[in-house]
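Protein chains in written order, with the numbering used here: chain G, 34 to 267; chain B, 53 to 458. For each residue, glycine too, the CB sits at the ideal point set by N, CA and C. This one's a predicted model, so the numbers in the text were calculated from it and none came from an experiment. What follows is a single structure, written as structure tokens, with notes after it.
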């Protein structure tokens with residue numbers, strides 16, 4: 034069964050110039066374990082699509098099945114639970130909480146899951162070790178580099194063992210060397226069976242994924258499976 | 053979960069110490085002012101209650117009627133319409149604790165080189181009981197002194213100081229006219245009554261002695277007033293009616309005739325004084341509450357700024373699975389922590405200030421546990437009340453908008 038099934042999904046925004054149709058009847062299906070890159074120029078609807086995928090927003094029309102669950106029928110609290118357990122988010126700007134130690138940052142999703150302090154600490158340290166940052170647990174985000182911050186953000190996304198990782202331009206703020214490290218990490222996670230969907234406009238980043246989906250003017254204009262390419266940055 | 057949230061709230065407050073401190077200061081001043089004003093107000097109430105209890109509680113005063121000569125009326129107590137037999141009859145009524153007939157006047161008294169003019173109350177030993185008036189030194193006179201009209205007296209503190217100075221007065225004699233009187237005891241000091249009159253400027257002696265050997269009263273056995281102490285304040289209304297009925301019957305007054313006596317309820321006077329003090333206390337509390345309100349608005353103001361500043365953080369939290377009520381709870385907790393800590397500091401400053409005021413002005417100041425508890429409850433509710441709107445605003449943020457916020 035597909036992990037993600039989207040049929041006829043539309044979304045429009047009200048702007049000063051009138052209603053703007055950001056997504057036009059988009060349909061997409063993603064199987065468990067896929068590695069998908071979503072590409073397209075700005076304003077093509079890819080960010081809107083990611084927000085809908087991540088259960089941060091609701092579509093105006095269409096159906097969304099995630100892991101066999103009808104998303105459009107859920108309450109805000111049920112959506113929060115899905116964001117907490119089924120999806121891990123990685124952002125372009127890392128989005129760590131600046132006042133908290135790295136360990137507390139990674140453990141934050143577990144707080145909202147209601148786990149006890151000891152379990153939270155153990156799981157957070159385990160995840161920091163997994164992204165190669167054991168020993169940094171007590172540091173503050175401002176004390177480490179951008180690449181390390183993105184690793185912490187990935188550790189936070191992984192801490193609840195999600196089935197799906199959504200990454201919105203995860204290498205957008207990083208140099209090419211660090212980008213490569215991050216993409217290698219995503220590739221390794223995908224090899225473990227986690228479905229990874231990332232938005233990027235860099236072809237060498239997109240080349241790491243086996244499937245590329247291209248958006249233009251709110252529609253999917255290309256959906257191709259490509260073998261791993263030589264220029265891939267991973 | 054709550055532990056983690058408390059920890060986070062603490063961190064958030066610590067990140068901006070000056071701002072948190074200033075917000076707390078609003079609460080500190082508010083709670084401190086309320087506690088201080090309540091303490092002063094309750095102190096005033098306490099002082100009034102002390103004065104009232106010094107008059108004796110649950111007391112009726114029955115005054116004899118007045119004489120009128122050629123249209124000139126001489127005021128209550130001037131006609132010999134009450135007598136000791138009336139007092140004895142009242143003592144038989146239900147609800148009566150003690151009865152003391154009183155015949156008073158003022159005379160000049162002499163001891164050695166000193167002389168002094170003071171009120172003399174001729175009464176029975178029950179008088180001290182009725183007025184809850186203990187002796188500081190010596191002992192009281194007895195019923196046999198009353199029967200024999202012996203020349204003995206109890207003197208108030210003011211009289212003792214003016215006649216005897218530094219000398220211990222018990223056992224000494226003073227003169228009224230040519231007659232010597234032995235001081236049996238000195239009354240404990242009662243201070244001023246509600247009118248500001250010195251209650252200690254008084255000599256108490258058997259009414260027989262007063263009538264025969266001091267005033268030379270024409271109508272022996274008649275008294276100017278009868279002091280009646282009821283068993284309880286609940287018994288007073290019924291007793292008032294039965295005293296009136298009894299005296300009308302004893303004085304053979306016809307249905308149409310006016311009373312030839314006046315019945316006064318001292319409790320009513322006391323109640324109005326207590327009510328005045330209570331209103332003043334409430335007024336002080338109300339004025340102080342305004343500063344508490346201002347402190348609460350300060351919390352709301354800062355929490356609104358904090359929510360705006362942390363919009364992005366809220367977006368991140370929502371994205372990784374925080375429910376709306378968890379965001380709400382987090383901001384609410386911060387507001388409550390600020391107000392509760394502010395309250396505790398304000399409470400200690402208020403209590404300290406009250407004790408200082410009491411010490412400096414030598415007035416009664418009462419810090420009650422219930423007032424402190426009330427201040428605490430109010431502070432917590434101020435935190436919830438003024439913290440709710442900002443917290444609600446935070447919880448209702450759109451996660452996408454919040455994540456985009458720079």
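Query	Result
Give me the subset of the stretch 382 to 393 of chain B whose CB atoms are less than 7 Å from a CB atom of chain G, sorted by chain position.	none
Let me make sure I understand the geometry here. Which of G:67, G:154, G:59, G:175 has the alpha-carbon closest to that of residue 259 of chain G?	G:67
What residues match up with residue 185 of chain B in a beta bridge as DSSP calls it?	Partner(s): none; residue 185 of chain B has no beta bridge.
For chain G, find out if any of its Cβ atoms is closer than 8 Å to the Cβ of residue 78 of chain B; answer yes or no.	no
Please classify residue 133 of chain B as buried or exposed, where buried requires at least 16 other C-beta atoms within 10 Å of its C-beta.	buried
Could you please tell me which residues of the stretch 347 to 364 of chain B, in chain order, have their CB closer than 8 Å to any CB of chain G?	364
Among the candidates G:100, G:89, G:147, whose CA atom is the shortest distance from the CA of residue 122 of chain G?	G:89
Give the DSSP-derived three-state secondary structure of residue 263 of chain B in the structure shown.	helix
Can you name, in chain order, every residue of its own chain whose Cβ lies under 6 Å from the Cβ of residue 384 of chain B, other than the five neighbours on each side?	439, 443
Check for me: the alpha helix (DSSP H) holding residue 146 of chain G runs from which residue to which?	135 to 146
Using only CA atoms, which one of B:105, B:255, B:213 lies nearest to residue 233 of chain B?	B:255
Ends of the beta strand (DSSP E) at residue 155 of chain B?	148 to 163
Does chain B have any CB closer than 8 Å to the CB of residue 206 of chain G?	no
For residue 93 of chain B, count neighbouring C-beta atoms within 10 Å of its own C-beta (all shown protein chains included) and say buried if the count is 16 or more, exposed if not.	buried
Would you list, in chain order, the members of the stretch 55 to 76 of chain G that have their beta-carbon closer than 9 Å to a beta-carbon of chain A?	Judged by its chain identifiers, the structure shown contains no chain A, and its protein chains are G and B.
Using the C-alpha atoms, what's the distance from residue 246 of chain G back to residue 252 of chain G?	10 Å
Say whether chain B places a C-beta atom closer than 8 Å to the C-beta of residue 93 of chain G.	no
Need the endpoints of the beta strand (DSSP E) that residue 457 of chain B sits in, please.	First-last for residue 457 of chain B: undefined, no H or E at that position.
What does DSSP give as the partner residue(s) for residue 119 of chain G in the beta ladder?	None, per the DSSP bridge assignment.
Per DSSP, residue 46 of chain G is paired with what?	G:53
Quick one: which residues of the stretch 57 to 74 of chain B get their C-beta closer than 9 Å to a C-beta of chain G? List them in chain order.	57, 59, 60, 63, 64, 66, 67
Return helix, strand or coil for residue 97 of chain G, following the three-state DSSP convention.	strand
Taking Cβ to Cβ, would you say residue 139 of chain B is nearer than 8 Å to residue 151 of chain B?	yes
Residue ranges of each alpha helix (DSSP H) run of no fewer than 4 residues wholly in the stretch 284 to 329 of chain B, ordered along the chain?	288 to 302
Would you mind sorting residue 165 of chain B into buried or exposed? The rule is 16 or more other CB atoms within 10 Å of its CB.	exposed
Measure the alpha-carbon distance for residue 59 of chain B versus residue 389 of chain B and round it to whole angstroms.	11 Å
May I ask you to report which of helix, strand or coil DSSP gives residue 84 of chain G?	helix
Just the chain G side, please: which residues come within less than 7 Å of residue 442 of chain B by C-beta, in chain order?	Correct list: empty, because the minimum Cβ distance to chain G is about 19 Å.
Does the distance from the CB of residue 170 of chain G to the CB of residue 134 of chain G come in under 8 Å?	yes
Should residue 425 of chain B be labelled buried (16 or more other beta-carbon atoms within 10 Å of its own) or exposed?	exposed
Given residue 212 of chain G, which residues of its chain have a CB within under 7 Å of its CB, disregarding the five upstream and five downstream residues?	204, 238, 266
Quick one: which residues of the stretch 96 to 116 of chain G get their C-beta closer than 7 Å to a C-beta of chain B? List them in chain order.	109, 110, 113, 114, 116
Identify every residue that forms a DSSP beta bridge with residue 168 of chain B.	B:161
Using a C-beta cutoff of 8 Å, does residue 374 of chain B count as contacting chain G?	yes
Would residue 239 of chain B and residue 187 of chain B qualify as a contact pair, given that the criterion is a beta-carbon distance under 8 Å?	yes
With a threshold of 16 other CB atoms inside 10 Å of the CB of residue 352 of chain B, please say whether the residue is buried or exposed.	buried
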